[in-house]
Amino acid sequence: MPGEVVPPPATYVPPNPTILIVEDDADIGNFLQQLIEEETPYHTVVIDHGQRALEQAPAIQPCLLLLDYRLPGINGVELYDRLQHVKELQKVPAIMMSATLPVQELEKRGIYQLRKPMDIGNVIRMITHALASYEEEQLSPLTTQREYKHVS
2 MPGEVVPPPA TYVPPNPTIL IVEDDADIGN FLQQLIEEET PYHTVVIDHG
52 QRALEQAPAI QPCLLLLDYR LPGINGVELY DRLQHVKELQ KVPAIMMSAT
102 LPVQELEKRG IYQLRKPMDI GNVIRMITHA LASYEEEQLS PLTTQREYKH
152 VS
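Take the sequence shown: its position 14, counted from the start at 1, is 15 in our numbering, and no numbers get skipped.
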């Protein structure tokens, strides 16, 4: 139909909709992977060691970091700080998980906090909130304006 107005897609989709889970407890890592992949449109990669995460994260280019605080060899805050030196990961939001969290350190860095044991609803809400913030930042001024195409 000439002159028909078609709005752009309403939802931003990150170029790589992958959540990186860094968790040394295999049961928790598997639980989070299954939960996220069943309840969200995101894919996940689970890595069980901080050093491996440092090596692999740049290639994965995640849209969210879900980090355990207590990891072998490096804690979650140190891992986050080191990942911030990778240009492509500097704006990627992070959620830190643990029974005990260094709240001031996390707040200073803008890292979301998720206490263990985790409530399933809280996990999904936290991921949704963190990704909504990330998606807003990723939209350029051109894509935030409503652009319409005329279909003839």
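The C-beta atom is built at its ideal place from N, Cα and C for all residues, glycine as well.
DSSP lists no bridge partner for R53.
At the C-beta level, A131 and V87 stay beyond 8 angstroms of one another. In the DSSP secondary-structure assignment, L21 is bridged to V46, L66. Distances from the CA of S134 to each of L84, V93, L72 were compared; the closest alpha carbon is that of V93. Beyond the five residues adjoining it in sequence on each side, Q91 comes within less than 7 angstroms, by CB distance, of Q85 in the same chain, given in chain order.
By the neighbour-count criterion, in which a residue is buried when 16 or more other Cβ atoms sit within 10 angstroms of its Cβ, I22 is buried. Within the same chain, D49 come within 8 angstroms of A27 by CB-CB distance, once the 5 residues on both sides are set aside.
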